[in-house]
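The opening position of the sequence shown corresponds to residue 2 in our numbering, with each subsequent residue numbered one higher. Just so you know, even glycine gets a beta-carbon here, dropped at the ideal spot from N, CA and C. As the structure is a prediction and not an experimental result, all values here were calculated from the model. Working notes for the structure below.
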Amino acid sequence: MRTSDFDFDLPRELIAQRPVEPRDQARLLHVGAQLADRQVGNLAELLRPGDLLVTNDTKVIPARLAGQRGTAGVEVTLHQAVDGGTWKAFARPARKLATGDRLDFAPDFAATVIDKGEAGEVILAFDRRDAALLAALEVHGVMPLPPYIQRDRSGDPRDRSDYQTVFARRAGAVAAPTAGLHFTDRLLQRLQERGVGRVNVTLHVGAGTFLPVKAEAVEAHTMHSETGEIAAAAAEAINAARAGGGRIVAVGTTSLRLLESVAADDGTVRAFTGETALFILPGYRFKCVDLLMTNFHLPRSTLFMLVCAFAGKSRMEAAYAHAIARGYRFYSYGDACLLEPEAAA
């Protein structure tokens with residue numbers, strides 16, 4: 002497969018710069034045997050009693066930092082924790098950084114470059130750890146919005162809440178699990194009254210999710226790994242829902258990738274703590290997830306390739322053409338779709 006096979010033209014004016022308020026009034030394109038224009042607030046009507054939502058409870062940290070290397074400016078975006086005080090990060094300009102360089106972000110907040118990788122990646126050891134490091138990021142960091150959302154270097158205070166889901170509990174992500182941005186307490190109440198269950202899993206989304214696929218052969222692309230966890234109680238609830246005839250509804254590609262990373266051939270999942278770099282392409286056989294709620298993704302991206310694998314490439318091309326013609330809003334702050342698998346259409 003070629004990366005160009007997953008390209009499409011998107012008018013820039015359809016790239017959402019702010020979320021809809023209230024969030025559950027975003028549009029929802031139901032992609033099944035036919036296409037149906039709905040709202041996220043209608044989700045309970047599209048699900049059945051006994052279905053189980055799997056949501057990602059990761060919390061986005063203010064992971065973008067502006068600092069100095071001597072007199073030269075440098076900007077870093079953290080993307081994966083190595084331990085409580087060490088992070089992998091993308092740096093600009095990375096080529097001018099060397100192992101041993103000290104980066105000052107504030108008079109009392111600094112990091113040292115302890116290694117360099119490829120494609121602008123560095124490994125930083127901070128002068129504080131764990132809760133103290135997270136507290137410093139809250140003071141000095143900026144929310145790591147994707148590049149297609151236009152903000153100045155100092156960020157926008159609204160994004161501290163806008164770019165966070167109602168499920169956010171466990172700090173560690175540097176990108177939001179954006180399908181979860183649509184949920185409100187009101188919608189969760191409706192789903193509960195409908196008899197739809199919900200469990201949390203955790204996948205700390207990395208900045209690698211924003212990286213374009215540059216290889217022309219998609220199989221040559223290397224996915225950045227991300228850290229995740231499925232608690233034993235969550236795995237038991239998922240397996241019980243499946244055994245009872247309920248459908249597993251992944252809220253976001255992050256939840257889906259984590260579930261599929263650990264699912265057995267019979268669709269059951271186990272408790273898990275570790276990393277996943279699962280790259281899902283058309284031809285992949287899904288084992289656990291029955292429905293996927295997700296946003297509209299970038300052309301030539303691993304996420305668009307994933308939805309094509311789940312719902313079928315021709316169906317997703319038709320769905321995206323429909324969404325563009327109807328003025329749906331795209332990407333992180335945009336609208337959503339509910340996808341049925343290709344075999345069910």
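Under the three-state reduction of DSSP, methionine 294 is assigned to strand. For threonine 56, the closest of Ala272, Tyr149, Ala337, Thr166 by C-alpha to C-alpha distance is Thr166. Contact between leucine 299 and threonine 254 is ruled out by a C-beta separation of about 12 Å, above the 8 Å threshold.
In this structure, DSSP gives phenylalanine 305 a helical state, which the three-state scheme calls helix.
Counting only residues of its own chain and dropping the five nearest sequence neighbours on each side, aspartate 84 has no CB closer than 6 Å to any other CB. In this structure phenylalanine 273 is in contact with glycine 229, their Cβ atoms being roughly 7 Å apart against a cut-off of 8 Å. Here the C-alpha atom of aspartate 38 lies approximately 19 Å from the C-alpha atom of valine 250. In the DSSP assignment, glutamine 40 forms a beta bridge with Arg28.
Measuring C-alpha to C-alpha distances from serine 262 to each of Pro283, Gly245, Ala244, Ile231 identifies Ile231 as the nearest.
The C-beta of threonine 59 has 16 or more other C-beta atoms within 10 Å across all chains shown, which makes the residue buried. Every beta strand (DSSP E) stretch that sits fully inside the region 196 to 256 and reaches 3 residues is listed by chain position as 198 to 205, 227 to 231, 249 to 252. Excluding sequence positions up to five before and after valine 21, its CB lies within less than 6 Å of the CB of Ala27, all in the same chain and listed in chain order. Within the model, the alpha-carbon separation for phenylalanine 297 versus arginine 330 is close to 8 Å. Per the C-alpha coordinates, the member of Ala221, Ser5, Arg3, Asp10 positioned closest to tyrosine 321 is Asp10.
Boundaries of the beta strand (DSSP E) harbouring alanine 111: 110 to 117, taken from the DSSP string.
With fewer than 16 other CB atoms across the displayed protein chains lying within 10 angstroms of its CB, glycine 245 is exposed. For secondary structure counted as the alpha helix (DSSP H) over 4 or more consecutive residues, the region 81 to 169 holds these complete runs in sequence order: 131 to 141, 160 to 163. Secondary structure of alanine 176 (DSSP, three-state): coil. Put simply, the backbone Cα of glutamine 193 is about 14 Å away from that of glycine 247. At the C-beta level, alanine 234 and valine 200 come within 9 Å of one another. Comparing alpha-carbon positions, the option among Arg243, Ile150, Thr295 lying closest to arginine 13 turns out to be Ile150.
Following the DSSP letters along the chain, one finds lysine 60 inside the beta strand (DSSP E) bounded by residues 59 to 61.
If you draw a straight line from the Cα of alanine 310 to the Cα of isoleucine 16, it is about 23 Å long. The straight-line gap separating the alpha-carbon atoms of methionine 144 and alanine 132 is approximately 18 Å. Two segments are said to touch when three or more pairs of C-beta atoms, one from each, lie closer than 8 Å; by this definition the region 157 to 164 does not touch the region 31 to 45. DSSP places glutamate 341 outside both helix and strand once states are collapsed to three, so it counts as coil. Taking leucine 146 as reference, the option from Thr72, Gln18, Lys215 with the minimal CA-CA separation is Gln18. A distance below 9 Å separates the beta carbons of leucine 204 and glutamate 227.
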